[in-house]
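Right, one structure below, let's go through it.
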Amino acid sequence: MTIQSSGNANIDAIASDSWNATPGVAAKVTYSFLLAVPDDALPGDSVGFHVLDNSQQQAVRDTLAQWSAVAKITFTEVSAAAGGGQIRIGMNNQSADQSAGYSDLPAEGAAGSLVYTYFDNSDSTNTHFQAGDYGRTVFIHEFGHAIGLKHPGNYNGQDGSGTPPYLPKETDTTDYSIMSYNDGVAATVINKYAASPMLYDIQAVQYLYGANTSYHTGNDSYKFTETSAPQCIWDAGGTNTFDFSATTQGTTIDLRAGNFSSSVPNLKNVAIAYGVTIQNAIGGSGNDEIFTNDGNDSIVGGGGDDVVHAGLGADTIDGGLGLDTVEFNAAQSAYTLVRSGNMILVQSKTSTANKITLNNVESLHFSDGKLDASAITSAPIVNQAPPDVLISVKSTLNIALPSNTFSVAEGQTVHYSATLANGQALPTWLSFNTSNGSFTSSSGAPQTGSTALSVTAIDSDGHSAHTEFHLQAILNFGQQFTATSSNDVFSGTTAIDSVVFSGKRSEYTIHASAANTFTISQTGGSTDTISNIERVKFADATVALDVGLGHAGIAYALYQSALNRAPDSGGLGYWINALDTGATALDLMRSFITSPEFISNYGSTQSTSAFVTQVYQNVLHRAPDSSGLAFWQSGVDSGQATRADVINFFTQSSEFQANLATVIGDGFSYTPYFG
889 MTIQSSGNAN IDAIASDSWN ATPGVAAKVT YSFLLAVPDD ALPGDSVGFH VLDNSQQQAV
949 RDTLAQWSAV AKITFTEVSA AAGGGQIRIG MNNQSADQSA GYSDLPAEGA AGSLVYTYFD
1009 NSDSTNTHFQ AGDYGRTVFI HEFGHAIGLK HPGNYNGQDG SGTPPYLPKE TDTTDYSIMS
1069 YNDGVAATVI NKYAASPMLY DIQAVQYLYG ANTSYHTGND SYKFTETSAP QCIWDAGGTN
1129 TFDFSATTQG TTIDLRAGNF SSSVPNLKNV AIAYGVTIQN AIGGSGNDEI FTNDGNDSIV
1189 GGGGDDVVHA GLGADTIDGG LGLDTVEFNA AQSAYTLVRS GNMILVQSKT STANKITLNN
1249 VESLHFSDGK LDASAITSAP IVNQAPPDVL ISVKSTLNIA LPSNTFSVAE GQTVHYSATL
1309 ANGQALPTWL SFNTSNGSFT SSSGAPQTGS TALSVTAIDS DGHSAHTEFH LQAILNFGQQ
1369 FTATSSNDVF SGTTAIDSVV FSGKRSEYTI HASAANTFTI SQTGGSTDTI SNIERVKFAD
1429 ATVALDVGLG HAGIAYALYQ SALNRAPDSG GLGYWINALD TGATALDLMR SFITSPEFIS
1489 NYGSTQSTSA FVTQVYQNVL HRAPDSSGLA FWQSGVDSGQ ATRADVINFF TQSSEFQANL
1549 ATVIGDGFSY TPYFG
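Going by the working numbering, the first residue of the sequence shown is number 889, and it counts up by one from there.
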């Protein structure tokens, strides 16, 4: 049946009919190979009828698999003798029409709909199906019709006229759609034809049936040569690579979805489907032009004088041999440029996520001019911001700057300076050592709260880099341990203790092995055992282990009981900090019950009976027992307990804590608050 418009001109020029009444719905279609001329054959169908041979039947299977790879349409082969499939395929003689094949489109989108697809048995191209062969293009084209795609131009093999809308002339080629009658560039230059559904075809068929998001979800490497057939890459996930290392003439590699790469100049033989991410590119030995996308890309230029167009994201670009150039969209003043040995770091001043690392690059081009890489001087680099540090109010402290905070170029010496993050001088209670970057205090922070600090490393040439971290003063802070590569054992105090790990959270597994005891195992590394430790800090995350009736556990539980939902990471950090700095669980509950979200959840005029019933449901996920309902209703109505008291009691009940332990028993991540 004719499908409704998508509103996208490229899709609507190709998507016409479907096996479903609704776009985006997966389809299952059967097919069979004709053994004889069907009873309902048109006069031309029977001319020179022939059964497909084994190689042609396999080509059909391979072609249908190509369509299934990009969209949620699956095909099942059935026997013609047993009644036949919805798509019925045969060979006949089409020489009179000078046609290589023809096919119906789905007529009704129903199980009873039949589509006949015929290929010309007098055309030798229909016996060759390697990538780039015209026969492969014909098969993909005709089965495109069988699943609902039309020609994108005003032409047709039967009557010479098409069905609008159409693609504009510049995109009405097989570079963009295998349904086009107009050959792409590669057909003329290297005598190769489209070997897959192409850029707009994939858009159209995914509109009809949905995208196949399970195809190629691993880490894939796509290798291309100077004679690679035209193709469009659909890849549903993973870290993927375009490898043009076999080319010599100077390639264009474009990692942006919806754009084309060329294995020889201007060939446009490799497209990336919309919605696909290719992260890495390897150039050839010629003078390549490479476009990154806005992700975190890795580019290797290879030989030749390459030009790389840098996008957003954290890219790594190695120019390789030759005189290589990287081009940036903004003026030079928008970036901080730092050299460390042969490496140059280009950091956006407006976004820490936009950071490009250059190796073997000789020239940088900005929107306002060029810069020779040799003119970029060495300077310190921030490797990793120091972790935020918990300290105890009115207690001495000695905090050393981690050794991996800054990198300094070979032969350079460094000294440090420190201020508050807002540029003001350090408070009088905090001293700083400019030689080693350490902070000390004999009196400690006078009160609870956060102190944001900025530390600057300055080398002997006067170049600098700075980073920031927080001191968070709490009332009852204990010890902070640092994990090593050994199997450490740490035991905390009755205060709030922490352990710092150098790796990322994803590298570790945390498991509660006994009461207040956890094992923390690094993949391929050590296993540490910690007891009575409340917080664990990784390079990219903080995990709370004081679950149950600890500060973190209470904060987490109050979200469930008061708001009937899991907490957001930032809000959770705020309330954990409040408890760490002296607030009580009841203080938090009193704040929660005045929030708009609480009022929306419980109502502002709810009766006591209804309120208590809802507390039972939200916290314990059950209806109240009659005696419990009567007890709490009486307590609230008599003034002996507030509604905050009721929720606070339920939050700390053994029944609720037992249920919650299955969710947060191994700890949970949160975003620390430094207000």
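Beta carbons are placed, not taken as given, at the ideal position from N, Cα and C, and that holds for glycine.
Assigned with DSSP and collapsed to three states, Ile-1279 falls in strand. Take the alpha-carbon of Asn-1217 and the one of Lys-1258: they are about 12 Å apart. A direct Cα-to-Cα measurement between His-938 and Asn-1044 gives close to 24 Å.
Around the beta-carbon of Pro-1052, fewer than 16 other beta-carbon atoms lie within 10 Å, marking it exposed.
In the three-state DSSP reduction, Arg-1478 falls in the helix class (H, G or I). Arg-1510 counts as exposed, since fewer than 16 other C-beta atoms from the protein chains shown sit within 10 angstroms of its C-beta.
Distances from the alpha-carbon of Ser-1221 to those of Asp-1256, Ser-991, Ala-1117, Val-1195 put Asp-1256 closest. Within the segment 1078 to 1125, the beta strand (DSSP E) runs of at least 3 residues that lie entirely inside it are, in chain order, 1109 to 1111, 1119 to 1121. Pairing Gln-1094 with Ala-903, the inter-Cα distance amounts to about 10 Å. Gln-1312 is classed as exposed because its beta carbon has fewer than 16 other beta carbons within 10 Å across all chains shown.
In this structure, the straight-line span from the alpha carbon of Phe-1369 to that of Pro-1484 is close to 41 Å.
Looking from the CA of Ser-1338, the closest CA among Ser-1228, Phe-1562, Asn-981, Ala-995 belongs to Phe-1562.
Of all alpha-carbon atoms in Arg-1227, Ser-1330, Thr-1238, the one lying nearest the alpha-carbon of Leu-1200 is that of Thr-1238. Cβ neighbours of Leu-1002 within its own chain (closer than 7 Å, five residues either side excluded): Gln-974, Arg-976.
Taking one beta carbon from each stretch, the segment 1192 to 1211 and the segment 1322 to 1333 have fewer than 3 pairs nearer than 8 Å; the two do not touch. For Asp-1142, there is no enclosing alpha helix (DSSP H); the residue is found in the beta strand (DSSP E) stretching over 1140 to 1142. Its chain contains Ser-1280, Val-1281, Thr-1336, Asp-1468, Thr-1469, Gly-1470 as the residues whose beta carbon lies nearer than 8 Å to that of Leu-1363, once the 5 sequence neighbours on both sides are disregarded; these appear in chain order. Counting only residues of its own chain and dropping the five nearest sequence neighbours on each side, Leu-1318 has a CB closer than 7 Å to the CB of Phe-1327, Ser-1329.
Between the C-alpha atoms of Thr-1430 and Asp-1456 there is a straight-line separation of about 14 Å. Straight across, the Cα-Cα distance linking Asn-1154 with Thr-1140 is about 8 Å. Following the DSSP letters along the chain, one finds Ile-1028 inside the alpha helix (DSSP H) bounded by residues 1022 to 1034. DSSP, read as helix, strand or coil, puts Ala-1198 in coil. Pairwise C-beta distances place the segment 1080 to 1097 out of contact with the segment 934 to 952, as fewer than three of them are shorter than 8 Å. Taking each of Ala-1498, Phe-1357, Glu-1395 in turn and checking the Cα distance to Ala-1340, the smallest one comes out for Phe-1357.
A buried status is given to His-1033, since no fewer than 16 other beta-carbon atoms sit within 10 Å of its beta-carbon. Between the alpha carbons of Val-1534 and Ala-1443 lies a gap of roughly 16 Å.
When the Cα atoms are used, Val-1296 and Ala-1288 turn out to be separated by approximately 18 Å.
In this structure the segment 1147 to 1163 does not lie against the segment 1184 to 1192, because fewer than three pairs of beta carbons, one per stretch, are closer than 8 Å. In the structure shown, Gln-1505 adopts helical secondary structure according to DSSP, grouped into three states. If you draw a straight line from the Cα of Gln-1521 to the Cα of His-1354, it is about 58 Å long.
When DSSP states are grouped into helix, strand and coil, Ile-1160 belongs to the strand group.
Unbroken beta strand (DSSP E) runs of no fewer than 3 residues, entirely contained in the segment 1312 to 1374, are found at 1319 to 1321, 1326 to 1329, 1337 to 1347, 1352 to 1362, 1365 to 1370, following chain order. Note that the C-beta distance between Ser-1557 and Arg-1393 is below 9 Å.
Around the beta carbon of Asn-898, a 10 Å sphere encloses 16 or more other beta carbons of the protein chains shown; the residue is thus reported as buried.
CA-CA distance, Leu-993 to Gly-1036, rounds to 5 Å. If you draw a straight line from the Cα of Ala-1445 to the Cα of Ala-1498, it comes to about 21 Å.
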